[in-house]
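The block underneath contains the structure these notes are about, expressed in structure tokens.
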Amino acid sequence: MFIRNILLLFIIIKTCCLTETSSQPPPGCQERCGNVTIPYPFGIGPDCSAHHTYSITCNTSSNPPRPFLTSINLEVLEISLEGTVRVNSPVFNSCNGRTDHLVVNFTNTPFTYSTAATRFTAFGCNNLALISGPMMVIGGCISLCGPDMIVPHTECYGVLCCQTNIPPELKFINASLSTIESRYENNACKYAFMVDVVWFGSLIDMHLVQSRTSVPAVLDWRLSENCCAFGPLDSGSNMSVCDSRAFCSNQSVCSCSQGYQGNPNLPGGCQVHQQMIVNFPVQTRQEVTNVLAQMGTQSMENLVAIEFNEEPATEVEDDNIEQAEIWDAMSTGIESGPIVTSSSSDYHPLLL
Numbered sequence: 411m412f413i414r415n416i417l418l419l420f421i422i423i424k425t426c427c428l429t430e431t432s433s434q435p436p437p438g439c440q441e442r443c444g445n446v447t448i449p450y451p452f453g454i455g456p457d458c459s460a461h462h463t464y465s466i467t468c469n470t471s472s473n474p475p476r477p478f479l480t481s482i483n484l485e486v487l488e489i490s491l492e493g494t495v496r497v498n499s500p501v502f503n504s505c506n507g508r509t510d511h512l513v514v515n516f517t518n519t520p521f522t523y524s525t526a527a528t529r530f531t532a533f534g535c536n537n538l539a540l541i542s543g544p545m546m547v548i549g550g551c552i553s554l555c556g557p558d559m560i561v562p563h564t565e566c567y568g569v570l571c572c573q574t575n576i577p578p579e580l581k582f583i584n585a586s587l588s589t590i591e592s593r594y595e596n597n598a599c600k601y602a603f604m605v606d607v608v609w610f611g612s613l614i615d616m617h618l619v620q621s622r623t624s625v626p627a628v629l630d631w632r633l634s635e636n637c638c639a640f641g642p643l644d645s646g647s648n649m650s651v652c653d654s655r656a657f658c659s660n661q662s663v664c665s666c667s668q669g670y671q672g673n674p675n676l677p678g679g680c681q682v683h684q685q686m687i688v689n690f691p692v693q694t695r696q697e698v699t700n701v702l703a704q705m706g707t708q709s710m711e712n713l714v715a716i717e718f719n720e721e722p723a724t725e726v727e728d729d730n731i732e733q734a735e736i737w738d739a740m741s742t743g744i745e746s747g748p749i750v751t752s753s754s755s756d757y758h759p760l761l762l
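Have a look at this one:
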């Protein structure tokens with residue numbers, strides 16, 4: 411038995427600066443429409459989206475150009491790879507006794523109104539606004555008015571304005587407006603719309619919405635069958651469409667694994683974005699090999715530094731390991747560099 415130092419192996423993963431191409435459509439596809447970035451699986455033009463339901467039409471007759479979701483004909487304001495898309499949603503009204511209604515149908519698309527970020531909202535005096543599904547009424551609210559009521563401009567709690575949550579996974583609505591009986595009859599216009607709650611809450615005077623034809627709303631978009639397809643699943647495949655460094659979240663959206671960022675819907679789209687330090691005590695050559703196997707070849711592509719630090723001497727059995735052996739083990743299967751080793755605070759380069 412003899413005394414030797416136990417080496418600690420520090421593996422430092424380099425910090426990568428992501429380029430714009432890591433979250434863009436495949437090469438040759440238009441990456442922007444006007445002021446809006448179009449990330450994959452969305453795409454402008456033929457074959458640039460992962461499925462035709464993610465196809466974007468870029469209307470160049472406007473200045474700047476405006477993107478529209480082709481499958482549901484709504485203008486796109488912003489696309490998030492976390493599974494949401496902000497759109498301009500129509501404001502509909504009922505004026506001069508004319509009854510109006512709004513039909514929205516997202517059937518056979520990956521889109522639903524976001525329960526967390528969107529509310530059904532209505533304006534008007536004695537206004538009954540209802541949301542109906544294919545078979546029944548599924549929600550609604552009432553806005554009242556009267557000479558003894560204070561009209562708010564920044565709050566929506568039932569006086570000339572009302573809001574309600576919407577059911578989850580809402581793909582079809584038939585919204586309607588009608589007048590409830592009241593001693594304060596009023597034939598003024600009534601309005602209703604789906605709206606982004608953050609945008610609506612930031613308005614100085616929410617009643618200005620009545621002069622608009624559309625307002626921002628948030629939709630959720632989801633992949634099919636636990637991220638096994640971008641569109642309807644045509645086969646029994648259980649292969650994920652996510653990048654190998656990504657996972658399928660419980661929202662059925664691809665997300666880059668911890669320590670990576672980028673577009674998880676593209677092969678190689680997730681890249682290292684922060685420094686990750688893995689600290690392993692190693693005593694034998696086999697232990698070094700085991701550490702590398704645990705980290706995987708993808709992480710090895712980004713291996714840039716190894717640091718050996720000495721701890722207090724410890725009695726061990728006769729399986730001594732030299733730094734040269736560790737270097738040799740590390741060089742097996744690793745083509746990128748430089749690799750740096752040190753037994754102190756200074757780094758000394760060792761190119762492989």
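Residue numbers (this note's numbering): 411 to 762. Yeah, the Cβ is synthetic: ideal placement off N, Cα and C, and Gly gets one too.
When the Cα atoms are used, what is the spatial distance from residue i to residue j?
i, j, result
"Gly556", "Cys468", "46 Å"
"Thr470", "Asn503", "29 Å"
"Ser586", "Cys680", "45 Å"
"Ile482", "Asn515", "8 Å"
"Arg476", "Glu591", "43 Å"
"Ser709", "Ser650", "With a pLDDT of 44 at Ser709, under the threshold of 50, the modelled position of this residue cannot be trusted, and the question is left open."
"Ile583", "Pro500", "13 Å"
"Cys368", "Ala598", "The requested residue 368 is not part of the displayed model; the chain covers only 411 to 762."
"Asp630", "Pro578", "10 Å"
"Cys572", "Thr531", "6 Å"
"Gly453", "Tyr567", "40 Å"
"Gly534", "His617", "10 Å"
"Asn660", "Cys638", "13 Å"
"Cys652", "Met559", "54 Å"
"Arg632", "Ile541", "23 Å"
"Leu538", "Phe610", "20 Å"
"Cys505", "Gly543", "24 Å"
"Gly550", "Phe603", "11 Å"
"Glu441", "Ser465", "13 Å"
"Leu626", "Ser654", "It is worth fixing the name first, because residue 626 is Pro in this sequence and not Leu. Going from the Cα of Pro626 to the Cα of Ser654 covers about 34 Å."
"Cys443", "Val486", "10 Å"
"His511", "Tyr601", "10 Å"
"Ile552", "Asn536", "7 Å"
"Cys439", "Glu635", "27 Å"
"Asn445", "Val495", "14 Å"
"His462", "Thr623", "27 Å"
"Leu484", "Phe478", "5 Å"
"Thr517", "Gly669", "36 Å"
"Leu812", "Glu492", "This structure leaves residue 812 out entirely; the chain is present only between 411 and 762."
"Asp615", "Asn575", "21 Å"
"Ile548", "Ser662", "25 Å"
"Gly455", "Pro474", "18 Å"
What three-state label does DSSP hand residue i in the structure shown?
i, result
"Ser588", "strand"
"Gln573", "strand"
"Met604", "strand"
"Cys555", "coil"
"Val561", "coil"
"Thr463", "helix"
"Leu618", "helix"
"Glu635", "coil"
"Cys468", "strand"
"Cys566", "coil"
"Pro449", "coil"
With residue i as the anchor, note down where its beta strand (DSSP E) starts and where it stops.
i, result
"Gly767", "Any property of residue 767 remains undetermined from this structure, which presents the chain solely from 411 to 762."
"Leu491", "Segment: none, Leu491 is in no beta strand (DSSP E) and carries neither H nor E."
"Asp630", "624-631"
"Pro477", "476-479"
"Val651", "No beta strand (DSSP E) holds Val651; DSSP gives it neither H nor E."
"Cys680", "680-682"
Tell me, please, which residues DSSP counts as bridged to residue i.
i, result
"Gly549", "Ile541"
"Ser665", "Phe657"
"Ser499", "Val625"
"Ile482", "Partner(s): none; Ile482 has no beta bridge."
"Cys443", "Val446"
"Phe582", "Asn515"
Please report the residue range of the alpha helix (DSSP H) in which residue i lies.
i, result
"Val607", "607-611"
Hey, does residue i have any beta-carbon neighbour from chain C nearer than 8 Å?
i, result
"Arg632", "Considering every chain present, this structure includes no chain C. It has just one protein chain."
Does the ligand SAM have a heavy atom nearer than 7 Å to the CB of residue i?
i, result
"Ile466", "Absence of the ligand SAM from the depicted structure is noted, as is the absence of any ligand whatsoever, leaving it without description."
Which runs of the beta strand (DSSP E) at least 3 residues long sit entirely within the stretch 501-535? Give them in chain order. DSSP runs (the beta strand (DSSP E)) wholly in the stretch 501-535: 502-504, 511-515, 521-523, 528-533.
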